[in-house]
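Number of protein chains: 2
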Amino acid sequence: MGSMRSTDEIIEAANRHLTADPIASMAQLAEAAGVSRATLHRHFATREDLLRALGEASARRWEESQDAADIDAAAASGDPDRLATALRAMLTAFVVDAGDFGFALTDHFVNHLPELVEWATRLEEREIAFYAACQDAGVLRADLPVRWVSNTVYGLMISVRESLRRGDVARRDVPDLLLGTFMTGAGPTENDNGGRP
Amino acid sequence: MGSMRSTDEIIEAANRHLTADPIASMAQLAEAAGVSRATLHRHFATREDLLRALGEASARRWEESQDAADIDAAAASGDPDRLATALRAMLTAFVVDAGDFGFALTDHFVNHLPELVEWATRLEEREIAFYAACQDAGVLRADLPVRWVSNTVYGLMISVRESLRRGDVARRDVPDLLLGTFMTGAGPTENDNGGRP
DNA sequence: CTAATCTGAGACATCGATGTCGCAAACGAG
DNA sequence: CTCGTTTGCGACATCGATGTCTCAGATTAG
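Line order of the protein sequences matches chains R and H.
Numbering-wise (my numbering), the first sequence opens with residue 1085 and increments by one.
Numbering-wise (my numbering), the second sequence opens with residue 1085 and increments by one.
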């Protein structure tokens, strides 16, 4: 009685295809999923339903990554070590998320659905509270507006997505690149004076 | 004999409106420009023409910012001071560009027009050569893949756009925030030695 | 095997956006 | 003021995508 291609498989195929071709039609998405257009509509009555499901999957993953890093408890604790660990864990998880849901990250239609906007706002505020705690504990610079920090992470997710999509860097290297760039920047490190003896 | 609303004014109005509503129709763009739909089509026969003009204006500004910072000469010189100055100048100019052309930065349609893709690729390669020179001179960390550096700047431009669009930070503060975040990261500044090698 | 269910293919109506055209009114240079 | 130009308005045809529907064939449970 179950479908050969589950709803989740269709979402995944659509997600993958939309990452490469963000303005693909329902017909193209059906083809990408290996099903007929009619069957696609049996799973998702409208295009909006499909995009919403995609956005919800993305938001769910985002939330799960926050949960897995336990950022609320870390923020409440105020412990620098714990905050630093949670920050590293969250950003590392985000790398995978950005690779898996890069499309939803910037798609105009998805980010315009009211329920998803609300959800995203909630997660963002939660994350901002975490960043603020990191600043208070000295894990992050306190002289940066916390919303700038949040937007920076968002922008770097897009950097990650592009780097993965274009194959500019190896997947396994990305977490360290992200962490390094976010925490200490792209400027020379103190021990590194550009190779001069 | 000139139109009341010049072509440039229409482009600017369209750009501004598309920043707020990225999926606006030609009718909405005409209204936003204070012009009838017919008149809009007298300036741009097709929607694609309008978007292309917008993308070209964006690419032109990008190129101008590279030119103004004189990144080619700086890269050729290999002089750390000159490279650092050029880098700061370019990124500062990019802040204005990201505010003015934030729409073209991520729009799927604009970024799929072949001629614009080619143009963007050229500018990107030019910029990458500059970053590589910065790495050689010790102005940027040499242990980061240069394309990662390039993608990081791209992502941070989106951070800038969002920060400006949502009013999270004052416009005048953005350049320093960008420079600071890009060069030294969001981690705590353990030891500020002001550029002493 | 049989029956229930799911799927693919195609036809169909609909809808919104696009692009074109003609004409009357407004405008501006002279 | 007058003439040539430009604009706005509305009508029109077109087009692609969407969503619905039917029916025949395939699949699978029992």
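Just so it is clear, CB atoms sit at the ideal spot from N, CA and C, and this is done for glycine as well.
Given the structure is predicted, the values throughout are model-derived calculations rather than measurements.
Inter-residue CB distance, residue i and residue j (contact presumed, cutoff 8 Å)
i, j, result
"Gly1269 of chain R", "Thr1268 of chain H", "4 Å"
"Ile1094 of chain H", "Ala1111 of chain H", "In fact, because the Cβ distance is near 14 Å, the residues do not count as touching under 8 Å."
"Ala1188 of chain H", "Ser1142 of chain H", "4 Å"
"Pro1164 of chain R", "Gly1222 of chain R", "6 Å"
"Ala1182 of chain H", "Ala1152 of chain H", "Contact flag wrong, Cβ pair sits at about 15 Å."
"Phe1128 of chain R", "Ala1122 of chain R", "Phe1128 of chain R to Ala1122 of chain R, Cβ: 12 Å. No contact."
Closer than 8 Å to chain R by CB, residue i
i, result
"Val1223 of chain H", "yes"
Cα-Cα separation, residue i to residue j
i, j, result
"Ser1109 of chain H", "Ala1097 of chain H", "13 Å"
"Leu1124 of chain R", "Asn1099 of chain R", "14 Å"
"Val1233 of chain H", "Asp1252 of chain H", "25 Å"
"Ile1242 of chain R", "Arg1249 of chain R", "10 Å"
"His1101 of chain R", "Leu1113 of chain R", "7 Å"
"Arg1131 of chain R", "Ser1090 of chain R", "17 Å"
"Ala1213 of chain H", "His1192 of chain H", "26 Å"
"Val1244 of chain H", "Leu1228 of chain R", "13 Å"
"Ser1120 of chain H", "Ala1158 of chain R", "56 Å"
"Leu1207 of chain R", "Val1201 of chain R", "10 Å"
"Val1230 of chain R", "Arg1126 of chain R", "44 Å"
"Leu1175 of chain H", "Val1179 of chain R", "25 Å"
"Leu1135 of chain H", "Arg1166 of chain R", "48 Å"
"Ser1154 of chain H", "Trp1146 of chain H", "In the sequence as presented, Ser is not what sits at residue 1154 of chain H; that position holds Asp. Cα to Cα, the separation comes out at about 13 Å."
"Ala1177 of chain R", "Arg1256 of chain R", "12 Å"
"Ala1160 of chain H", "Leu1171 of chain H", "14 Å"
"Gly1162 of chain R", "Pro1259 of chain R", "24 Å"
"Leu1196 of chain R", "Asp1220 of chain H", "In the sequence as displayed, the identity of residue 1196 of chain R is His instead of Leu. Each residue's alpha carbon lies about 44 Å from the other."
"Leu1224 of chain H", "Pro1106 of chain H", "35 Å"
CB contact below 8 Å: residue i versus chain H
i, result
"His1125 of chain R", "no"
"Ala1177 of chain R", "no"
"Met1267 of chain R", "yes"
"Phe1193 of chain R", "yes"
"Gly1183 of chain R", "no"
"Pro1198 of chain R", "no"
"Ala1159 of chain R", "no"
"Ile1242 of chain R", "yes"
"Gly1271 of chain R", "yes"
Residue i: contacting residues in chain H (beta-carbon distance under 7 Å)
i, result
"Asp1252 of chain R", "Pro1229, Arg1231, Trp1232, Asn1235"
"Pro1106 of chain R", "His1192"
"Leu1261 of chain R", "Leu1228, Trp1232"
"Ser1149 of chain R", "What Ser1149 of chain R touches in chain H: nothing, since even the nearest Cβ is about 18 Å away."
Cβ-heavy atom distance, residue i to the ligand ADP, below 7 Å
i, result
"Trp1203 of chain H", "In the structure shown, the ligand ADP is absent, as is every other ligand, since no ligand is present at all."
Amino acids of chain R, ordered along the chain, whose beta-carbon sits closer than 7 Å to that of residue i
i, result
"Thr1134 of chain H", "Rather than Thr, the amino acid found at residue 1134 of chain H in this sequence is Leu. Simply none; closest approach about 17 Å."
8 Å Cβ cut-off: residues of chain H touching residue i
i, result
"Glu1246 of chain R", "Asn1235, Tyr1238, Gly1239"
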